[in-house]
Structure formats: C-alpha cells, structure tokens
C-alpha cells in the first residue's frame, strides 16, 4: 500500500471501510464485493505505474469510471485494486475541421454531447446513463442507446484509443483518418472488452453534423403484432427513423401511474417514433410513418406540432425506467436482443414466461434495432422469487438465441451474464477470447473472471 | 432505519452529477448513493456507525437535489434525517464545543420564541446604534477565535419591528374569498419581518382573509435536519396548536401558508413526523394537506397582475433547494415574477444548485459552503441582473453576505416582496 501511496499520494489511495463500501458495486442489481483499495490515476503514466505495481504483486485490477454498468463489469474483485479514472476528465481537442473530439477517458458522455452541440455537431450514442457515465466505460462496454437504428453504437464513433497494457506499455491505436487499413484494427478488440485486455486512457471520437430538424410521433395499438408489423413496414418503406421505441402494456400502466400523461391503459403496445434530418425529408417521412401506422391498425397516432408537444410525447418513453423502478424494491434491467423480424415473438414469449413463473416482467426497448429491455420487478430478499427470476432469465436468453438474437445488446456480459455466454456464442469463440486475453494479460490480472472464467 | 427505503436505491448513479459534494470531490462516499450504501452496510451489520460516517452525513448538504434526479424515487430526505438522528443518539461526533453550540442554538434558543426575539431585540440595538459597523471598522472580530470570527459576517441584520407588530392577528379584505393561516418563521421573523408583511399584503390582494398566530415557534426543520427528532415533533405540535388557536380550527382554513422554501418543505412533512402521535396524528394529516407554499397557493387560486408597470428591473431567480427539490415547486415562482409588469426575468445558470446556506451548513462546513457561494455569485454576475429573487431566508442571508463581501450592489429580494411592491406602486398610481 505504501508503494501506491508513494506513487499517487494519500489523497488518491483509499483504504478505509467508509471509503471502500461506496465502491463495492456498480449499477447492477444484487452484486456486491468490497475491494482492497481504490486508487485514482490522472495520467496514462500513472495508470502504467499502477499496472506495473499490480503485476509485480500479482494483484487483480478492476478499472472503473462512474460505476453505472448493468452487468457487473466494474464490480471489484476480492483482494483487488479498483483503478478509478473518473478524475481523468479533460477534453483535449475539439477538431471542427476533421469532425473529431479527443478526450480523456473519464469525461462524462453528456459533456461530449453538449460540447458537440455547441458547434452544430452531434455525438449520437446516448446510453440511458449518459448524464454520469464516462466515455471510457462506454467504449469498454460498447454502449448503445436510443438512436442505434439510424446512428449505430459507441463502436461506430471510436476512431482512436490510447491504451495501457497489463505490463505498463502505453499504445496509441487507430488514427484521425476515415480510411485507415494499416495493420490489424486492434482498437476494435479493445472496444467492448470490458476492461479485461487493457486500460483505455484516451478516446478519439467521430462527430457528425447535427440534423436540422426532428419530428415526433406517438402511436398506440391494441395488438402487439400490429405494432411489430408497423415497425417492419416502416423499415421496408426505406425509412430509417432515428427513434423507434416501444412500451408494452405493463410499462404503459406504470408510466401512466407515474407521469399522468393520458396514455390509454387498454393499449397492448405504444410506439414512439422520430425522424430527423432535412426539414422537407422529415416532413414527408413523418407523414408516411403516420399513414403506415394507421394502415397497420394503430388505434391512435399523434404527431407533435411543436417542440413542447414533442417533449410531452417523448416523456412516455423517457420516464419508462423511472416509472418501473418505483414499483418494486429490486429492478433488474435486461437487454435480450433479436432480429427485428422476430420482435413480436420475443415479446409474446417474455409475457408467457412471466405468467408461468409468476413474475412481473415489463418490456420496453428499442424496437427499431431489436434491442428489448425485459425488466424484472422483484425483491432481492425474496429467495424463492429470485430463483424463479433466474429460471425465467435463462429461458428468455435461450429463446433470444434460438431466434438468431443475443443475450446482451448493449449492457455487456460482465458477471451477470457470464453463465449465459457459452450458450450464446459457443465454447470455440470463448476459447479464442481466452487465447487473446492470455497474450495481452498473461498473469490474468485485468478484471479477472468477467465475461468468461479464466 | 427503514430498510425498504434503503433498498429502493438501485445504485444507478444518476444522482451523482446533481450532488454538489460529489461534484466537488468526485469521491463516491460524498455522493447520495455512496451515503446510502454506508447506511445499508450499517443496517446489514457490515459496519459500525462510526465517526467517519457521522462526519460524512454532516458533509451532506441535505439539499435533496438527488431526490429530483432519482429515477427510483428514493426518499433520501427521510434517510438523511434518520441517519443524523442515529448519529446524535450514538454520540459519535460528541465534542465539548460542538455540544455547546448545538445546545445553545438548536436546543435552547430555537425552542424558545420569546427568548429568541429578546436576543433579536438586543442584536437590533447593537446594529442600530452603529456598534456593529464600528466593531467591523475597528476589525475587532479579528480578536475572536477563528470559528467565531468566521461566523460574525453571517449575523443577520435584524429588523426594528417583528411580525406581530406589523401584522394583526386577523386581517380581512373585502371581498373575502379564502381563509388562510400565515406562518412567519423564527429567524425570518427577526431578519425578514417585512417579507411577512408583504406576504400578508399579497394574500389580502388575492381576497384571502389572513390569520397570523402570535409569537410563533420555529417550524422544527433545523431540529429534524440536525438529529433532534423529538424536539422537531414538539415544535410541530406547538405550531398546529398556534394555528388552531388563531383560526378556531384547521378545518376552517383553505390553506396554511409558508413563504420560506426550507420551512415549507418540513412543514408539509408534519403528517409523517407525527404519524404515531395519539393526539396529533389526524390533525397533522389535515395540516399537511392544507400546507401550501405561497407561490403554489397563488398559482392555484390565480395570480393577479398588478395594474401599472411597476418594476423596471432585470431579475434573476435562485431556487431554494427545499422549494425546488423538497417541494418540487419550480414553475410557480417564475410565473409570479413574470406577472409583474415591466420586470424582465433572466434565467440563472444552475439555478437549482445549492448556494451553500443549507440550514446551518454555512456554520458547520464553512469551506464547502464558501465554494458553493462563489459558484452561485459567479452565475448571478453573468446574468447582469440587479435583483436576485430568492424564496428562502437561509439563501437570502447567504447571498446577501456573499454580495456584500464582494462589494456588489445586487439586491436580494423574495418574489413576494417584488409582487407586493408592484401592488403598492400600482395603488399609488391610481
């Protein structure tokens, strides 16, 4: 410990129980582990020094940003160091000529979005925790958001990374060039690696021009299939909306109880649709989306005429998680994802599972990209119910995989989904991942036990 | 500690960016979810209630910004009060000086309305005959021990007349459409009794008959927020009795009005505070139903616009934490300000970020309090406003102290005072 203190100073090495307990968890329900210490690095060199020290001592290191992850990716390891990068929070360069921004890893995602906005640009990935999540955490988990269908996910905006390897080497991966095929695209290996291969210390991000306008629509359906068919028809009509969000019946009821916005409680499904871009195009696409929703049996379609009305309509989706989180002591937010064509099947299956296991599962999510959020409203102190939650989860993930989908669309594997991974991608893929990890982190000290067992 | 309230926290972290102490240190223990995790560790028997925990809970401002940000609706206000009460019961922070100061202020002065006003009277003469400015000019406070020296500039300027002298117990307008009780506060009664008169005037101008109980007690918020729950309950009972005595009964009133954000937030909580009191529980429920912040009440019955262009000032609005986060009242004060003809309202950046007053926080944690005050003053300067409107006596004192020390001639005024002035001017113009 003295060596770490000599390296970083007493202020940046925490060891008291009152300091460690608040770092014993991330945003994932029911996971807790106290670390041996928490250290704060401010430069890549300090990160390298901490990693060299850890290698020398054989102590595991878990990198952490703001601790908002939903799969236990940044949960501490027993006896290990938590390397917190929240204080590496400088924006280094906003380059309006090349449409890029270079930031330190601990910069808050929202700050990047706001900065881009001030110069008429857009940083599209908007994960639900962006007000406090760090960009480093977003890259490590390859976070998504509401705009995935049209704009993609974090990976699509990472042009370069500074990475510190387990042995303390500091590398720059990628470049400012839109086209760059010089060697393996190793930066892509680090995106979504959940802190198991190295520590990301800087990120070079791509920005895009901000769309000039946006139009918001809200449609309600008395049949789930009608909502799913509407989504398919919109996409078949060559429209790529920037938002295509869905709420199921339980979610609608919880949102209405919470926000009182006048949603029909007998509706089976609700779709929030948005299109953005050139005003003329947006106008036309909104008209076509409205017509398609009506053709496919929407009970009501509301098109926002003003910005205030758009905000009001979007409230239904925006308050979904808050509304659900109030209903039960423990809220487990999952992210099973399927090809768009299988959405209706997946949603119906989830509802059946809930009935069969006597659970409350509300589903909402990103209908446009097939990324659903089946949300378990439960109580972690109720052991028999938690056992049923486990069974239900297994069935939901198995079914998603059977439909050609995946166990996680945007939250990562971490600890929470580790046991579902073999079923989803097979032992051969996991074997290759182990091989890769071994070559970069031979001692197995970087976030060990996450994604797969060593 | 109510475990189900603790468990409601899903540690998502959305409270972090709204917490002034986390923003300052970037340490989890200084954040709401960090503090809740410590409370939970104590409840689970993983940790003792330690001195460090006690210090942490007194480092928390209790601004409740986290409750606005929280998606899961965690009742942090309750956790905060219960934690501080447990800390006092356990005595982990006990020290002679702290105990003496707490006894003198929270337990002694603030539970004795007559004595408090007596001290206020002495302070008034000390200030009125120029002794205070003489003492300040001669730099005599420099001779005081550091802790007292830092307190001296915070001494409120006491008004010549207190509320009982300015407002009759019953004032009746014609026509009279509503009957309301008016709460005049404790420190507010000494430092801002004119605001209480303004509040009565504005209520009369809205056809409200006003009942103002004599010699009112502190609402008890300072007691509840500083771990003295029993005293807080005693204060609550006294206030209920006082209003009942003045108005005949609570049933006869359409509303009970508070004009102080911090007090109002606590006053609305009497139902919970007295829920197991055999005599007062039902009356406290009625009390909480009728308790309205003045802006809330006026917006509910319809704000009247003064006739003439009365105020040509550029005004910015600082939100009291317990008005915006505690009571979720944000729209109504702005509506009220916009109703004043000629007044230009400019938005203040971070208007709902704590100014560092936070009850007696500026006394207990002067360093952090100063940082927040400087941040607030910086934003106020950027608006170019000549008036900053604030609806809580603690905030107003804090802002006035800061502006005076920075030699800035910005006026601090309650929105209701600005409205009352506008009504008076309009009347003169008639």
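Residue numbers (my numbering), protein chains in the order written: chain A, 1 to 454; chain B, 1001 to 1430.
All C-beta atoms in this analysis are idealised placements derived from N, C-alpha and C, irrespective of residue type, glycine included.
Keep in mind the model is a prediction, meaning the values are calculated, not measured.
Given 8 Å, three or more beta-carbon pairs between the region 288-298 of chain A and the region 222-233 of chain A: yes
For the structure I just gave you, are there three or more beta carbon pairs, one from the region 1008-1021 of chain B and one from the region 338-350 of chain A, closer than 8 Å? no
Min CB distance residue 15/A to chain B below 8 Å: no
Can you find a CB in chain B that lies within less than 8 Å of the CB of residue 457/A? This structure cannot speak to residue 457/A, because chain A is shown only from 1 to 454.
Of the residues 1329/B, 1318/B, 1337/B, the one placed nearest residue 1356/B, counting alpha carbons only: 1318/B
Chain A contact for residue 1278/B (CB, 8 Å cutoff): no
Within the same chain, show all residues whose beta-carbon is closer than 7 Å to that of residue 1061/B, passing over the 5 residues directly before and after it, in chain order. 1020, 1021, 1354, 1358, 1361
Check the Cβ of residue 1011/B against every Cβ in chain A and list those closer than 7 Å, keeping chain order. 25, 27
Nearest-angstrom Cα separation, counted from residue 1109/B out to residue 1119/B: Approximately 9 Å between the Cα atoms of the pair.
Residues in the region 1049-1074 of chain B with C-beta within 7 Å of chain D's C-beta atoms, listed in sequence order? Reference to chain D is not applicable here, since the protein chains of this structure are A and B.
Three CB pairs or more closer than 8 Å across the region 177-191 of chain A and the region 74-90 of chain A: no
Skipping 5 residues on each side, what residues in its chain have a beta carbon closer than 7 Å to that of residue 1348/B? The answer, listed in chain order, is 1316, 1317, 1318, 1379, 1380, 1383.
I'd like to know if residue 74/A contacts chain B, where contact means its C-beta is closer than 8 Å to some C-beta of that chain. no
Taking the C-alpha atoms as reference points, what is the distance between residue 246/A and residue 386/A? 26 Å
Any residues in the region 1229-1262 of chain B with a beta carbon nearer than 8 Å to a beta carbon of chain A? Which ones, in chain order? none
Helix, strand or coil, according to DSSP, for residue 1042/B in the structure here? helix
Against residue 466/A, what residues of chain B qualify as contacts under a CB-to-CB distance less than 8 Å, listed in chain order? Past the boundaries of the shown model lies residue 466/A; chain A is included only from 1 to 454, so the question cannot be answered.
By the 10 Å Cβ neighbour count, where 16 or more other Cβ atoms means buried, how is residue 159/A classified, buried or exposed? Residue 159/A comes out buried.
Integer Cβ distance of residue 479/A from residue 1041/B, believed to fall under 8 Å: For chain A, the structure presents residues 1 to 454; residue 479/A sits outside this window and is missing.
Compare the Cα-Cα distances from residue 1071/B to each of 1012/B, 1404/B, 1336/B and report the closest residue. 1012/B
Mind the definition here: the region 295-315 of chain A touches the region 213-224 of chain A only if three or more C-beta pairs lie below 8 Å; say whether that holds. Under the Cβ criterion (8 Å, minimum of three pairs), the region 295-315 of chain A counts as touching the region 213-224 of chain A.
Using the rule of at least 16 other Cβ atoms within 10 Å of the residue's Cβ for burial, across every protein chain shown, is residue 274/A buried or exposed? Taking all protein chains shown into account, residue 274/A has 16 or more neighbouring C-beta atoms within 10 Å of its C-beta and is therefore buried.
Helix, strand or coil for residue 132/A, going by three-state DSSP, please let me know. coil
Tell me the rounded alpha-carbon separation between residue 172/A and residue 161/A. Note on geometry: alpha-carbon atoms of residue 172/A and residue 161/A lie some 6 Å from one another.
Take the Cβ of residue 1226/B as the centre, count every other Cβ of all protein chains shown within 10 Å, and call the residue buried at 16 or more, exposed below. buried
Along chain A, in chain order, which residues have C-beta atoms closer than 7 Å to that of residue 1041/B? 21
If I'm right that residue 64/A touches residue 40/A with Cβ under 8 Å, what's the distance once you round it to whole angstroms? Between residue 40/A and residue 64/A the Cβ distance is about 10 Å, and since that is not below 8 Å, they are no contact.
Using the beta-carbon of each residue, which ones in chain A are nearer than 8 Å to residue 1037/B? Per Cβ cutoff of 8 Å: 21, 22, 24, 25.
Alpha carbon to alpha carbon, what distance is there between residue 1330/B and residue 1219/B? 22 Å
Give me, in chain order, the residues of the same chain whose beta-carbon lies closer than 6 Å to that of residue 1339/B; leave out the 5 immediate sequence neighbours on both sides. 1303, 1305
Within its chain, find whatever has a CB closer than 8 Å to the CB of residue 57/A; leave out the 5 residues flanking it on each side and keep chain order. none
Between the CA atoms of residue 1327/B and residue 969/B - distance to the nearest angstrom: Since the first and last residues shown for chain B are 1001 and 1430, residue 969/B lies out of range.
For the region 1291-1306 of chain B, list every residue whose C-beta sits within 8 Å of some C-beta in chain A, in sequence order. none
Can you grab the Cα-Cα spacing for the pair residue 1169/B / residue 1285/B, in whole Å? 24 Å
Counted within 10 angstroms of its Cβ, other Cβ atoms place residue 378/A as buried (16 or more) or exposed: Burial of residue 378/A is indicated by the presence of at least 16 other C-beta atoms within 10 angstroms of its C-beta.
Would residue 363/A pass as a contact of residue 251/A if the rule is Cβ separation under 8 Å? yes
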